[in-house]
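In terms of the working numbering, the sequence shown opens at residue 991 and continues consecutively. Here's the structure we're looking at; comments come further down.
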Amino acid sequence: MATIDIDQPSVLGDDMQHIQGALALCVLLLTGLATAQASETSLGIERADYARKLHGFWLGQSIANWTGLITEMDRVETPFYRDEDWGRVDQPNIWGAFVNHSSRIDFYLPELDRVWGSDDDTDIEYMYWQLTEASDTPVLTPVQIRQGWLKHIYSNEEAPISATEFRRENYLWVSNERAFYLMRDKGLLPPATSDPLNNPDFAMIDAQLTTESFGLMAPGRPQLALNLATLPIAVTASGEAAAIARFYVVMHAAAANLNNKEDLATQLLVIAALAAEQLPVSGYARDMYEFVLDAYTTNPDKNDWEKTRDAIYQRYQIRGEGGYRYSRPFDAGINFAASLISLFYGEGDFRRTVQIASLAGWDSDNPAATWGGLLGFILGKDGIERTFQRRFSEAYWIHRTRKAFPDHTPDLAGEDTFSQMAQRGVDVVEKVLTTED
């Protein structure tokens, strides 16, 4: 069988049964990424196995994305949704609008013959995988990134009319949109597109939902993953927002080492501690990480995630503590804090994690999609199917939101399938590992 090599820090192989043990191990990880990498050994994995994990990533991200969209921007202040709202009729978002694909707050699980539509949580990542596949070298240049954005992303002027909104929609918001027009109209290249002097939206959420899968291109190699992701992150994020995006990249790179047959809650705490090394010690993102982690570990009721959500609302949005100043519900900061709640309280359970992320508030589809993709990768396609006791469509419609991609399935709905995306993804991983070693 053909295999690819994954670097596996031996420290992640320990048998840890309790949260206390995990936190003790985190102290070792926090001595630095270089220390962990110094003890790496090589682990071979079959291409087919990694392809199933990548399939699970795209499927899990799509399920969670479209589930989270139901509640996106419904609740950005009190009263927030709570567990008892799951299964109830969806309420309007802050603009008074509803989504069209579901009237209830519940998992969005379309029939097997339906196609998964792209959204900004998946489509820009799809573009980056394609650009990396086509590139001679895995690390994309500023020019390649700009060319990719201008080729595959609509402007507001040329975007097709949305079938549901009845107006032109290019599916770009805040910093993504700013960066696009800086590239198109000003000829700027990253990192200038996220420079606060050019882009006042540099602290918004965009980079953390468009770049995390660079971690999957470098399994078990967090530093290599960061090398791949640095410029793509710098398209839209600077400062703390960029640090938060790096946190997610490291989480995804380290996820290749997790064993889904062992306690995932404990293992996720370990790789979160490793990823937290990317957060400036005196910054608001590190304060959020430490606050949410402490709230979770000291909470005797691990189902009462609402207590921690209400606490971050008061601490950060209302009182502005920890060096954070809330600006808008698209902020990288408040959504990072919310995402940590679903990560910790979800404890590695796909359904529970996505449920909490969808109910937590603010830009809820983004944390849901991020953790749905991560857990989908860990579980693989088969694991997600076991979770829901059913099969899923694998058809993907990238041209719902983006343009000028090859049609890999000319006789089927959409332009691609998760299986084909995963197979090409394995080729990308091999290119990254062989070229950058």
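Glycine included, every Cβ here is placed at the ideal spot set by N, Cα and C. Since the model is a prediction, treat every value here as computed from it, not as a measurement.
Boundaries of the beta strand (DSSP E) in which residue i is found, first to last residue
i       : result
TRP1387 : 1385 to 1387
Whole-angstrom distance between residue j and residue i, CA atom to CA atom
i       : j       : result
MET1411 : VAL1164 : 28 Å
SER1348 : GLY1077 : 12 Å
LYS1141 : ALA1394 : 7 Å
ILE1374 : LEU1187 : 44 Å
VAL1260 : ALA1243 : 13 Å
GLU1405 : THR1200 : 20 Å
ARG1236 : GLU1074 : 34 Å
LEU1269 : VAL1239 : 12 Å
ASP1341 : LEU1121 : This sequence places Arg at residue 1341; Asp is not what is there. If you take the alpha carbons of ARG1341 and LEU1121, they lie about 32 Å apart.
THR1298 : ASN1325 : 13 Å
ASP1096 : ILE1143 : 30 Å
GLN954  : GLU1311 : The displayed coordinates of the chain run from 991 to 1427. Any statement about residue 954 would go beyond what the structure contains.
ILE1035 : GLN1213 : 20 Å
THR1360 : ILE1346 : 13 Å
GLY1362 : TRP1106 : 15 Å
LEU1364 : ALA1227 : 21 Å
ALA1263 : GLN1379 : 32 Å
ARG932  : PRO1150 : One cannot answer for residue 932 here, as it falls past the ends of the chain, which runs 991 to 1427.
VAL1271 : GLU1280 : 10 Å
LEU1172 : ASP1294 : 44 Å
ASP1355 : ASP1111 : 8 Å
PHE1192 : VAL1225 : 9 Å
ALA1197 : SER1383 : 28 Å
PHE1070 : PHE1088 : 17 Å
ASN1083 : ILE1060 : 9 Å
PHE1204 : GLU1115 : 8 Å
MET1063 : PRO1190 : 21 Å
ARG1104 : TYR1098 : 12 Å
GLU1337 : PRO1128 : 33 Å
ASP1417 : SER1093 : 40 Å
ILE1308 : TYR1316 : 8 Å
GLY1058 : GLY1323 : 18 Å
Local Cβ density within 10 Å of residue i, reported as buried at 16 or more and exposed below that
i       : result
TRP1352 : buried
GLY1415 : buried
ASN1247 : buried
HIS1091 : exposed
ASN1055 : buried
LYS1176 : exposed
LYS1292 : exposed
GLU1155 : exposed
LEU1429 : Any question about residue 1429 goes unanswered here, given that the chain covers just 991 to 1427.
GLY1086 : exposed
LEU1216 : buried
PRO1396 : exposed
ILE1388 : buried
LEU1044 : buried
VAL1344 : buried
Opening and closing residue of the alpha helix (DSSP H) in which residue i lies
i       : result
SER1348 : 1340 to 1350
PHE1088 : Looking at the DSSP string, PHE1088 is not in any alpha helix (DSSP H), and its letter there is neither H nor E.
ASP1355 : 1355 to 1378
SER1409 : 1408 to 1426
GLY1312 : Here GLY1312 belongs to no alpha helix (DSSP H), and DSSP marks it neither H nor E.
LEU1258 : 1254 to 1265
HIS1242 : 1230 to 1244
HIS1398 : Note, HIS1398: premise wrong, no alpha helix (DSSP H); not H, not E.
GLN1137 : 1132 to 1142
MET1207 : 1204 to 1207
VAL1164 : 1164 to 1175
VAL1282 : 1274 to 1288
LEU1438 : Lying outside 991 to 1427, the shown extent of the chain, residue 1438 is not represented and no answer is given.
MET1117 : 1113 to 1124
Residues that DSSP places opposite residue i in a beta bridge
i       : result
ILE1151 : ARG1158
GLU1036 : THR993
VAL1079 : ARG1094
MET1194 : ASP1321
TRP1295 : The partner list for TRP1295 (beta bridge, DSSP) is empty, contrary to what the question assumes.
TRP1056 : In DSSP, TRP1056 forms no bridge with anything.
TRP1106 : TYR1386
Cβ pair count under 8 Å reaching 3, the region 1176 to 1194 against the region 1223 to 1238 = yes
Mind the definition here: the region 1241 to 1255 touches the region 1353 to 1370 only if three or more C-beta pairs lie below 8 Å; say whether that holds.
-> yes
Give a yes or no on contact between the region 1328 to 1337 and the region 1280 to 1291, applying the rule of three or more CB pairs nearer than 8 Å.
-> yes
Are three or more beta carbon pairs between the region 1120 to 1136 and the region 1154 to 1169 nearer than 8 Å?
-> no
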